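K.L.:
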Amino acid sequence: GYEKGAFTGAAKRKPGRFEMADGGTIFLDEIGDLPPQTQVKLLRVLQDGTFDRLGGTDTITTDVRIIAATNRDIEKAVKDRSFREDLYYRLNVIPVHVPLLRQRRDDIPLLIEHFLQRYTDRFRKEAEFDESSRRILMEYDYPGNVRELENIVERCVALSAGKVITTDDLPPHLIHTGDKGTSRLTLSEVKAEAEKEYIVRVLQSTKWNRTRTAEILGISRKTLWEKINTLGIKY
């Protein structure tokens, strides 16, 4: 959180996440990616139950239960000194290991429905996977785990022309694989491919009007131009 006047645009005081979660639970995702300075601040909250607002002089107290998650090997990060050992032991009270998605395929249909609901609401459109596309989603190995499945569902909902998502709407690497369910692309490559395809489709819908495209995508013209160059979009 921050105090009024803490920085340009801080017109009034804003409580932070830990302040709002006082007496409850806060979920910290991808805890392994925290920069060193933030790790120190989090350790203070865990040890003392206190923190300071940005621009403030008063110490705020909070009592929260913390649930943290990461896909990194935290023990290795501790050995590499990219993650604080004292913070690790503060967080690692009751560890829960979540198996890879391909090791719990019964969860895939439930996750598909969950993400379908999320992204049909977000994009304000109806969409449903047909039987063939669902079968492919069930057989795929998901090296990127749940986040890769979410990315695939989001892509399909965003790019599908009709209410039924078919195999034609699935990312090509799901269809053309060397072995059953085994991708030859990294998750970052899959995301870049989906992002490029979506940006091209929006550009085409606006007749390559970059200002309008940037508005639809919710990014600046500068960011759009950078993505066009980075992703190799030609027009």
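Heads up: the sequence shown at position 47 corresponds to 199 in my numbering, and the numbers run straight through without jumps. All residues carry an ideal CB built from backbone N, CA and C; glycine is no exception. Predicted model only: the values in this text are computed from it and were never measured.
Using a Cβ distance threshold of 8 Å, determine whether the region 275-295 contacts the region 315-330, with at least three qualifying pairs required.
P.N.:
Output reads yes: the region 315-330 touches the region 275-295.
K.L.:
Starting from residue 267, trace the alpha helix (DSSP H) both ways and give me its first and last residue.
P.N.:
As a position in the sequence shown, residue 267 is number 115, starting the count at 1. Element bounds for residue 267: 260-275.
K.L.:
Pick out whichever of 245, 289, 346 and 365 has its Cα sitting closest to the Cα of residue 326.
P.N.:
Stepping through the sequence shown from its first residue, residue 326 is reached at position 174. That would be 289, whose Cα lies nearest to the Cα of residue 326.
K.L.:
Hey, could you find the ends of the beta strand (DSSP E) residue 212 is sitting in?
P.N.:
What you label residue 212 is simply residue 60 of the sequence shown in a count that begins at 1. Here the beta strand (DSSP E) through residue 212 covers 211-213.
K.L.:
DSSP state of residue 419, grouped into three classes?
P.N.:
A question about residue 419 goes unanswered here, because the residues of the chain that appear run from 153 up to 387.
K.L.:
Let me check understanding here. Comparing Cα to Cα, which of 217, 200, 218 and 193 lies closest to residue 206?
P.N.:
The residue given as residue 206 occupies position 54 in the sequence shown. Of the listed residues, the one whose Cα sits closest to residue 206 is 193.
K.L.:
Excluding five sequence neighbours on each side, which residues of the same chain lie with their C-beta closer than 7 Å to the C-beta of residue 167?
P.N.:
Here residue 167 refers to the residue found at position 15 when the sequence shown is read from its first residue. Excluding positions up to five away in sequence, the list reads 153.
K.L.:
Whole angstroms are fine: how far does the CA of residue 294 sit from the CA of residue 253?
P.N.:
The count along the sequence shown starts at 1 and reaches residue 253 at position 101. The count along the sequence shown starts at 1 and reaches residue 294 at position 142. C-alpha separation (whole angstroms): 7 Å.
K.L.:
So residue 213 and residue 204 are supposed to be a Cβ contact under 8 Å. How far apart are they, rounded?
P.N.:
The count along the sequence shown starts at 1 and reaches residue 213 at position 61. The count along the sequence shown starts at 1 and reaches residue 204 at position 52. So it is not a contact: roughly 11 Å between Cβ atoms.
K.L.:
Report the three-state DSSP secondary structure of residue 382 (helix, strand or coil).
P.N.:
Locating residue 382 in the sequence shown gives position 230, where the first residue counts as 1. Residue 382 falls in the helix class under three-state DSSP.
K.L.:
Tell me whether residue 365 is buried or exposed, calling it buried when 16 or more other Cβ atoms sit within 10 Å of its Cβ.
P.N.:
Position 213 of the sequence shown, counting from 1, holds the residue named residue 365. Residue 365 comes out buried.
K.L.:
Residue 222 bridges to which residues according to DSSP?
P.N.:
Counting from one through the sequence shown, the residue named residue 222 turns up at place 70. Residue 222 pairs with nothing; no bridge assigned.
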